[in-house]
Amino acid sequence: WGNMLDTLKGDWTSSQQHHYGIAGGVASTLIYYNKSMFDKAGIKTVPTDFTAFLAACAQLKKAGFVPIVWNGGFPNMLGNGPFSSGFANAVAARHPQWKAQLADGRLNLDTPEVEEIFARIKRIPDLGYVQKDYLHTSYDEGIRLFNEGKAAMTFQGTWASGLLMNGHGFKTGIMLPPWNDAGQSTVPVIGSETGFGVSETSNKAASLKFLEFIYDEGFVIQQNKRQNIPPLKKTSGVMISDPQVVAYVKNISAAPVTAGLYYAFLPANTIELLHPLLQDVLFGTRTPRQAAKALDDSIKTEARNRNR
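Taking this note's numbering, the leading residue of the sequence shown gets 652, the next gets one more, and so forth.
Put into structure tokens, the structure is as follows:
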């Protein structure tokens with residue numbers, strides 16, 4: 652715990668100030684893109700707002716490419732990607748005290764801005780900018796589609812950089828997800844990656860011994876496979892990280908406004924609601940307006956239950 656980056660400790664501290672886990676890394680979601688496809692489509696600069704992003708998708712589609720992978724079969728990635736970026740730019744950017752307001756149920760999410768978060772997640776496939784059968788695309792399948800050059804972009808996390816940045820017959824670039832409106836600054840998503848904790852079981856001693864190893868002399872084993880951003884202040888051994896991703900995280904860490912990934916700020920029951928809610932919106936069984944209301948209702952219910 653003492654060696655974990657101080658900026659991550661809040662995500663692993665309970666309201667009673669108990670330390671209950673260790674982060675797997677510094678996490679951010681970004682858009683990985685195929686530089687060759689962008690060049691062939693005539694895209695000279697990466698988009699910096701959502702309108703420009705849709706225009707880039709249109710150019711890519713016109714050039715014969717699938718613009719972006721959409722993980723409809725793995726809603727967790729929709730939560731990490733377009734939902735978290737949507738929340739950052741539509742909510743966190745407008746409400747400086749959003750974390751406290753969300754925790755006590757004072758943050759109103761039944762709004763046109765939150766409706767638009769869900770609407771954008773549906774609009775991109777509705778415009779034909781995603782792969783066929785996207786509603787069944789899993790996490791691993793999404794990575795494979797990008798790596799095999801079957802899509803120009805994928806909305807993924809820093810934790811996948813080892814799989815996405817290391818050459819697949821093309822050069823990979825990265826961009827800050829432009830989920831902001833034109834004329835507004837982009838709010839990046841950055842926080843703690845899913846990590847590890849040990850519960851009170853008969854295997855507690857062995858589990859703690861394993862964690863002590865994997866976060867000390869054994870840390871290099873997982874780091875050099877995944878090539879994410881280490882959560883530790885000091886590490887031993889030769890660590891491999893992609894320089895583009897390291898520079899990206901350093902840059903967004905200095906942003907005046909940031910937001911975390913959805914799993915770090917939503918209550919557990921709301922997370923369980925959000926996953927099928929995202930798929931309902933994609934299937935068309937719920938409207939973005941209904942999804943925003945359901946999200947708002949869940950947040951307020953959780954706040955009431957917590958404060959009883």
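Positions of the beta carbon are idealized from the N, C-alpha and C atoms, including for glycine.
C-alpha gap between residue i and residue j, whole angstroms
{"i": "K801", "j": "D931", "result": "26 Å"}
{"i": "E848", "j": "A709", "result": "The sequence as given places Gly at residue 848; Glu does not occur at that position. Those two C-alpha atoms are separated by around 44 Å."}
{"i": "G675", "j": "G869", "result": "13 Å"}
{"i": "A906", "j": "S843", "result": "16 Å"}
{"i": "G730", "j": "Q873", "result": "24 Å"}
{"i": "A741", "j": "T805", "result": "21 Å"}
{"i": "V697", "j": "N685", "result": "11 Å"}
{"i": "A821", "j": "T852", "result": "At residue 821 the sequence reads Phe, which differs from the Ala that was named. Between F821 and T852, the C-alpha separation is close to 47 Å."}
{"i": "D867", "j": "S887", "result": "7 Å"}
{"i": "S735", "j": "E953", "result": "19 Å"}
{"i": "P894", "j": "H819", "result": "17 Å"}
{"i": "S812", "j": "V897", "result": "10 Å"}
{"i": "S679", "j": "N854", "result": "32 Å"}
{"i": "G808", "j": "G935", "result": "27 Å"}
{"i": "A803", "j": "T699", "result": "17 Å"}
{"i": "K944", "j": "N759", "result": "9 Å"}
Identified DSSP bridge partners for residue i
{"i": "A910", "result": "V840"}
{"i": "N685", "result": "T823"}
{"i": "F847", "result": "I673"}
{"i": "M890", "result": "According to DSSP, M890 bridges with nothing at all."}
{"i": "T680", "result": "G808"}
Residue i, buried or exposed, once every other Cβ within 10 Å from all chains shown has been counted against 16
{"i": "R955", "result": "exposed"}
{"i": "M890", "result": "exposed"}
{"i": "Y671", "result": "exposed"}
{"i": "G911", "result": "buried"}
{"i": "D617", "result": "A query on residue 617 cannot be resolved here, the shown segment of the chain reaching from 652 to 959 and no further."}
{"i": "F864", "result": "exposed"}
{"i": "G693", "result": "exposed"}
{"i": "A744", "result": "buried"}
{"i": "Q782", "result": "buried"}
{"i": "G779", "result": "exposed"}
{"i": "F738", "result": "buried"}
Start-end ranges of the alpha helix (DSSP H) lying completely within the region 711-735, minimum 4 residues: 726-729
Starting from the N-terminal side, write out each stretch of the beta strand (DSSP E) that is 3 residues or longer and does not extend beyond the region 744-824. 804-808
Kindly confirm or deny that the region 843-859 and the region 711-731 touch, where touching means at least three C-beta pairs closer than 8 Å. no
Is the region 817-828 close to the region 892-904, with three or more CB pairs under 8 Å? yes
Could you check whether the region 750-769 touches the region 780-797, counting it as contact only if at least three pairs of C-beta atoms, one from each stretch, sit closer than 8 Å? no
So, does the region 760-774 touch the region 925-939, judging by three or more C-beta pairs under 8 Å? yes
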